[in-house]
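Chains as they are written, first to last, in the numbering used here: chain G, 1 to 119; chain C, 1001 to 1112.
All C-beta atoms in this analysis are idealised placements derived from N, C-alpha and C, irrespective of residue type, glycine included.
Quantities reported herein were computed from a predicted structural model and do not represent experimental measurements.
Inspection log for the structure reproduced underneath, given as structure tokens.
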Amino acid sequence: ETGVTQTPRHLVMGMTNKKSLKCEQHLGHNAMYWYKQSAKKPLELMFVYNFKEQTENNSVPSRFSPECPNSSHLFLHLHTLQPEDSALYLCASSQDFRGTSGKSSYEQYFGPGTRLTVT
Amino acid sequence: GQQVMQIPQYQHVQEGEDFTTYCNSSTTLSNIQWYKQRPGGHPVFLIQLVKSGEVKKQKRLTFQFGEAKKNSSLHITATQTTDVGTYFCAGPTTDSWGKLQFGAGTQVVVTP
């Protein structure tokens, strides 16, 4: 499956480093998402973008900074992370949800994820 | 807040046996989705159920949406080693457009 790609696939960074995660979707979608998946925890939604506009920030610490320059690309900029931020970071995309009743949703297509380790 | 709960958390199955995993929402859902994540992989969309009481089949997998649209189940018959993975259900939240609330998943282990 190459509909949603993520780079890098693995990242090890120190707490003082700055790095960025990249996500690209080739499905013609207009909504994109960042999720965090830690061991033994449910998928945690971090950010939602719809038509390049951020529609959801799920109380994410400011050391995570998203950027969505267009509907096909999504970045997650990382700065001064903590060891507890080590996790699998997943990007997903879906059809846009502008004009819906707000109670429906489209299926989401996930990328392979970036396995992040903060030392 | 809205919660989506899945039981069991772990399911050990002998190859060839059947099993069912359940998903329960604290609120009525407009639809429910199921995803599968293989070990070391990422969640992959399996199916979406929309209608009350809807039943859909995908080969050995049978998905059902409850009459009250607050629960769902996934039944797998004649389990194979390829069924190994974590199965998540997810429903749209009521507070934000496009946002899915995922359950914690059922991790399925198949022994030959």
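So, do the stretch 1062-1078 of chain C and the stretch 1011-1030 of chain C have three or more beta carbon pairs nearer to each other than 8 Å? As far as the Cβ criterion goes, the stretch 1062-1078 of chain C touches the stretch 1011-1030 of chain C, which means the pair count is three or higher.
CB contact below 8 Å: Q1064(C) versus chain G: Here residue 1064(C) is taken as the residue at index 64 of the second sequence, counted from 1. It does not: the Cβ of Q1064(C) has no partner Cβ on chain G nearer than 8 Å.
Cutoff 8 Å: H1042(C) Cβ touching any chain G Cβ: Here residue 1042(C) refers to the residue found at position 42 when the second sequence is read from its first residue. It does: the Cβ of H1042(C) has a partner Cβ on chain G nearer than 8 Å.
Work out the CA separation of T7(G) and G102(G) for me, nearest whole Å. Along the first sequence, read from residue 1 onward, the residue named residue 102(G) stands at position 102. Along the first sequence, read from residue 1 onward, the residue named residue 7(G) stands at position 7. Confidence at G102(G) is low in this model, with a pLDDT of 47, below 50, so its placement is unreliable and the value that follows should be read with caution. When rounded, the distance between both Cα atoms is 31 Å.
Can you list the beta strand (DSSP E) stretches of 3 or more residues lying completely in the stretch 1030-1110 of chain C, in chain order? 1032-1037, 1044-1049, 1055-1058, 1061-1065, 1071-1076, 1085-1092 and 1100-1102
For Q1033(C), I'd like the list of residues in its chain whose CB is within less than 6 Å of its CB, leaving aside the five on either flank, ordered along the chain. As a working note, residue 1033(C) is residue 33 in the second sequence. Q1048 and A1090.
What first and last residue would you give for the beta strand (DSSP E) that runs through E115(G)? By 1-based counting over the first sequence, the position of residue 115(G) is 115. Residue 115(G) is actually Arg in this sequence, not Glu. That run of the beta strand (DSSP E) goes T114 to V118.
Quick check on this structure: which residue in Y106(G), P61(G) and C91(G) has the alpha carbon closest to the alpha carbon of R115(G)? Residue 115(G) sits at position 115 when you count from the first residue of the first sequence. The option with the nearest alpha carbon to R115(G) is C91(G).
Drop a sphere of 10 angstroms on the beta-carbon of Q1003(C), count the other beta-carbons inside from all chains shown, and report buried for 16 or more, exposed for fewer. Here residue 1003(C) is taken as the residue at index 3 of the second sequence, counted from 1. Residue burial is scored here from C-beta neighbours: Q1003(C) has fewer than 16 other C-beta atoms within 10 angstroms and is therefore classed as exposed.
Quick one: what does DSSP say P42(G) is sitting in, helix, strand or coil? By 1-based counting over the first sequence, the position of residue 42(G) is 42. Note: P42(G) maps to coil in three-state DSSP.
Cut-off 6 Å between Cβ atoms - residues of its own chain near Q1011(C), not counting five sequence neighbours on either side: As a working mapping, residue 1011(C) is identified with position 11 in the second sequence. Excluding sequence neighbours, Q1011(C) sits near F1019, T1106 and V1108.
Show which residues of chain G have a CB atom less than 7 Å away from the CB atom of H1033(C). Your numbering for residue 1033(C) matches position 33 in the second sequence. Looking at the sequence provided, one finds Gln at residue 1033(C) rather than His. Those are E107, listed as they occur along chain G.
Spell out the partners DSSP gives K18(G) in its beta bridges. The residue you call residue 18(G) lines up with position 18 of the first sequence. According to DSSP, K18(G) bridges with H79(G).
Are the CB atoms of L78(G) and N58(G) nearer to each other than 8 Å? Looking up residue 78(G) in the first sequence gives position 78. Looking up residue 58(G) in the first sequence gives position 58. Result no, Cβ atoms of L78(G) and N58(G) do not sit closer than 8 Å.
Mapping DSSP to helix, strand and coil, what is Q1006(C)? By 1-based counting over the second sequence, the position of residue 1006(C) is 6. Strand, per DSSP.
Along the stretch 1046-1059 of chain C, where does the CB come closer than 8 Å to a CB of chain G? Name the residues. Residues Q1048.
On the CB-based measure, 16 or more other CB atoms within 10 Å of its CB, does F70(G) come out buried or exposed? What you label residue 70(G) is simply residue 70 of the first sequence in a count that begins at 1. A small fix is needed here, since residue 70(G) is Asn in this sequence, not Phe. Its Cβ having fewer than 16 others within 10 Å, N70(G) is exposed.
Does G111(G) have its Cβ less than 8 Å from a Cβ in chain C? As a working note, residue 111(G) is residue 111 in the first sequence. It does; some Cβ of chain C falls within 8 Å.
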